[in-house]
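Colleague:
Number of protein chains: 2
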Amino acid sequence: MNRLSLHTYLQTELLIDINQEIISQFFSTRELGKGEYFIKTGQVCKHLGFLEKGFVKYYKTDDKGQEVVCDFAKESDWITQYQSFIFQTASPLSIIAIEPSTLQIISFDNLQLLYAQVPSIEKHSRKVIENVFFSALERNNELQVLRAEERYVKFAKENPDIINRVPQYDIASYLGIAPQSLSRIKSNYRG
Amino acid sequence: MNRLSLHTYLQTELLIDINQEIISQFFSTRELGKGEYFIKTGQVCKHLGFLEKGFVKYYKTDDKGQEVVCDFAKESDWITQYQSFIFQTASPLSIIAIEPSTLQIISFDNLQLLYAQVPSIEKHSRKVIENVFFSALERNNELQVLRAEERYVKFAKENPDIINRVPQYDIASYLGIAPQSLSRIKSNYRG
DNA sequence: ATTGTTTCTTCACAAATGTGAATGAACTTG
DNA sequence: CAAGTTCATTCACATTTGTGAAGAAACAAT
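The listed protein sequences derive, respectively, from chains A and B. If you're matching positions, the first sequence starts at 1 in the working numbering and goes up one per residue. If you're matching positions, the second sequence starts at 192 in the working numbering and goes up one per residue.
1) Looking at G245 of chain B: is its Cβ nearer than 7 Å to the Cβ of E313 of chain B?
2) Given that A327 of chain B touches chain A, what residues does it touch there, using C-beta distances under 9 Å?
3) Just to confirm the assignment, what range does the beta strand (DSSP E) spanning R221 of chain B have?
4) Within the continuous alpha helix (DSSP H) that includes K237 of chain B, where are the two ends?
5) Are the C-beta atoms of Q279 of chain B and some chain A residue less than 7 Å apart?
6) Residues of the segment 165-182 of chain A with a CB closer than 9 Å to any CB of chain B: list them in chain order, please.
7) Buried or exposed for I354 of chain B, going by 16 or more other Cβ atoms inside 10 Å?
8) State the DSSP-derived secondary structure class of V357 of chain B, mapped to helix, strand or coil.
9) Express the C-alpha separation of E340 of chain B and S219 of chain B in angstroms, rounding to a whole number.
10) Applying the 10 Å Cβ sphere with the 16-neighbour rule, what's the burial state of Q112 of chain A?
11) Between the segment 74-87 of chain A and chain B, which residues of the former have a C-beta closer than 7 Å to a C-beta of the latter?
12) So what does DSSP say about G191 of chain A, is it helix, strand or coil?
13) Can S187 of chain A and V69 of chain A be called in contact, C-beta distance under 7 Å?
14) Which of the three DSSP states, helix, strand or coil, is assigned to I18 of chain A?
15) In its own chain, which residues sit with a C-beta less than 8 Å from the C-beta of N19 of chain A, not counting the 5 before and 5 after it?
16) By alpha-carbon positions, which one of B:E329, B:Y360 and B:Q359 ends up nearest to Q83 of chain A?
17) Could you compute how far the alpha carbon of E266 of chain B sits from the alpha carbon of L294 of chain B?
18) Closer than 7 Å by beta-carbon distance: list the chain A residues that pair up with D253 of chain B, in chain order.
19) Note the first and the last residue of the continuous beta strand (DSSP E) segment covering I193 of chain A.
20) At 9 Å on the CB atoms, spell out the chain A contacts of C261 of chain B, in chain order.
21) List the whole-angstrom C-beta distance separating Y37 of chain A from I105 of chain A, where the pair is believed to meet the contact cut-off of C-beta under 8 Å.
22) Assuming S285 of chain B and I230 of chain B form a contact by the criterion Cβ under 8 Å, report the distance between their Cβ atoms to the nearest whole angstrom.
23) Expressed to the nearest angstrom, what Euclidean distance is found between the alpha-carbon atoms of L4 of chain A and K237 of chain B?
24) Where are the beta strand (DSSP E) runs, 3 residues long or more, that stay fully inside the segment 262-339 of chain B, in chain order?
25) Can you tell which of B:E258, B:Q216 and B:S316 has its C-alpha closest to the C-alpha of D268 of chain B?
26) Going by DSSP, name the residue or residues bridged to Y59 of chain A.
27) What do you get for Y249 of chain B, buried or exposed, if any count of 16 or more other CB atoms within 10 angstroms of its CB means buried?
28) Looking at the unbroken beta strand (DSSP E) that takes in Y228 of chain B, where does it start and where does it end?
29) Quick one, are the C-beta atoms of S107 of chain A and Q43 of chain A less than 7 Å apart?
30) Indicate the three-state DSSP secondary structure (helix, strand or coil) for A363 of chain B in the structure shown.
31) Report the residue from A:Q81, A:I185 and A:D161 whose alpha carbon sits nearest the alpha carbon of G49 of chain A.
32) By alpha-carbon positions, which one of B:S372, B:L373, B:S374 and B:I270 ends up nearest to V319 of chain B?
33) According to DSSP, is K157 of chain A part of a helix, a strand, or is it coil?
34) When DSSP builds the beta bridges, which residues end up paired with K244 of chain B?
Below, the structure is given as C-alpha cells:
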C-alpha cells in the first residue's frame, strides 16, 4: 500500500510548513514486522506513533482467553493507547502490526515540546482526539441498534480497503460476530 | 432523590473554594418539568448544565421512527451534547427530563470566562470529558462482547439506582434489547 | 372506587446468531 | 511439488433474541 511520510502529511494534509530537521529532532523511525507489537497489554505506552505505512490492530484478551479486536489503523493514522499514554499507566490492550509497518514515534515529553514549538500541531492533535471520541459514540450506536448483518454491510461499505487487508475473523471479532456467522452473512447477502 | 447544589459539589467533591456570588454570576438556574427538553434534535446546544436534582435521558430517533436511548444522567452529572455545544452545530439528539429536574446552566462564552477566572474548573472539565470518552470505549466493548442478558446484569449491578427510576423499556432500548426480551431475561435470571 | 392509560409480563412462534465438526481453499515452508 | 498450516465455507443443530398478541399489573385522573 501507499506510503505517506509524516513530513508530506503535515505539509499537504494539515498545511503545516515544518522542515524535516524539526521532525527528525522530535520523532524517530520505528519499523514493525508482521506480528510485532507497538505495545503489549500491561505495558505503559511510551509513544505516540504516526503510521506512515502498514496496518495495525488493537485487541485485548477477554475473561475466557478469547482475543477481541477493538480497532484497526492504517496509513496516515495516529496510533497510541490514550489512557496509557496520557496517564502513563498499564495499557489494557495490545497493538500489533498485521502488515509490515513504518512508524514515526514521539515520546510524551517530546510531544509537549513540539506543541510548544508548533502550536498548530496541538490544535490538530485535539481534533484527532475529538474525532476518535465521536467515532466511539457512533460505534456505540451501531452496536446498539444494528443487527450483525447490518453492521457488516455498513462496515464493508465504509472500509472497502480494510476488508481486503484483514483476515475475516478479525473483522468478525471487531463487529462482535462469530466468524462462521459472518461467512454465512456474506453468502446470503450476495445471492 | 437527594439534591446536590453546584456550590456544594465544587466545594466538597472538587475542593474548589469558590463563593456563591461567582457561581451566580456565571450560571443561571433552570427548572425542567417531567417531559421537558434540555435540548431537542436539530437545535444548537447553547448551554452546559450541572444537574443538581432530577434525571434526564439522551435519545435520538432512528430511520424507522423508533426512539433509541443513548444515555442517562442524574444528580451531580454534567449534561450537554458535546458536538453541538463545542461547534455550535445542530444536535443529533435530544435530552429530556424524565423526572422534574433542577439545573445550573452556563453558556459557552461564560464558560470560557469562568475557566479564565478559576483554572481548576477547566482542569476538572477536561477530566470529566476524558471520563465520558473512556466510558464510551467501555460501552463499545460491552456491546461488542456481551450477550443481552450479560449486558443487563452488568448494568443492573453498576446502576442499581437507575433501574428503579427509569421505565424498563428505556433501559431495554439503552442496552439494545427488545422490551419483551428484557422482561424474559429478568424472570429467567431470578429463578 | 371506577375508569382509562401506560407499562410490564407471558406466550407461541419466527428469525437471527452461535457452535462444533467436516471440508476445501489458500497460503507457507521445506 | 508435497506436506503442513491457517483460514474460509458449509452444514446441522442449539441457543438467543425478536415479534405480535393477549392479559395482568401499576399508575393516574376523575
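For glycine and all other residues, C-beta sits at the position ideal for the given N, C-alpha and C.
Modeller: Once the coordinates are examined:
1) The Cβ atoms of G245 of chain B and E313 of chain B lie no closer than 7 Å to each other.
2) Correct list: F133, A136, L137, R139 and N140.
3) Start and end: S219 to L223.
4) Unbroken run through K237 of chain B: none, as it is neither H nor E.
5) So no, Q279 of chain B is outside the interface.
6) Listed in sequence order: S173, Y174, L175 and G176.
7) Residue environment for I354 of chain B: exposed (fewer than 16 other C-beta atoms within 10 angstroms of its C-beta).
8) Here V357 of chain B sits in coil by DSSP.
9) Here the alpha carbons of E340 of chain B and S219 of chain B stand approximately 42 Å from one another.
10) By the 10 Å Cβ count, Q112 of chain A comes out exposed.
11) Only Q83 from the segment 74-87 of chain A bring a Cβ to less than 7 Å from some Cβ of chain B.
12) Confidence in G191 of chain A is poor, its pLDDT being 49 and thus under 50, which makes the residue's placement too unreliable to answer from.
13) Cβ distance not < 7 Å, so S187 of chain A and V69 of chain A don't count as in contact.
14) If DSSP states are grouped into helix, strand and coil, I18 of chain A belongs with coil.
15) In its chain, beyond the 5 residues on either side, no residue has a beta carbon closer than 8 Å to the beta carbon of N19 of chain A.
16) Of B:E329, B:Y360 and B:Q359, the smallest CA-CA separation from Q83 of chain A is found for B:E329.
17) C-alpha separation (whole angstroms): 9 Å.
18) Neighbours of D253 of chain B on chain A, chain order: V145.
19) With chain A running from 1 to 191 in the structure shown, residue 193 of chain A is simply not present.
20) For the C-beta of C261 of chain B, the chain A residues within less than 9 Å are, from N- to C-terminus, L137, N140, N141 and Q144.
21) Y37 of chain A to I105 of chain A, Cβ: 13 Å. No contact.
22) Their Cβ separation, rounded to whole angstroms, is 6 Å, which keeps S285 of chain B and I230 of chain B in contact under 8 Å.
23) One alpha carbon belongs to L4 of chain A, the other to K237 of chain B, and they sit about 40 Å apart.
24) The qualifying runs are 285-298.
25) Measuring from the Cα of D268 of chain B, the nearest candidate turns out to be B:S316.
26) Note: Y59 of chain A sits in a beta bridge opposite A:V69 and A:S94.
27) Y249 of chain B is buried by the Cβ-count criterion.
28) DSSP places Y228 of chain B inside the beta strand (DSSP E), whose first and last residues are Y228 to I230.
29) Their beta carbons are not under 7 Å apart, which means S107 of chain A does not touch Q43 of chain A by this criterion.
30) DSSP places A363 of chain B within a helical segment (H, G or I) once states are collapsed to three.
31) Ranking the options by Cα distance to G49 of chain A, first place goes to A:Q81.
32) Looking at the Cα atoms, B:I270 is the closest of the given residues.
33) In the structure shown, K157 of chain A adopts helical secondary structure according to DSSP, grouped into three states.
34) Looking at the DSSP assignment, K244 of chain B forms a beta bridge with B:T293.
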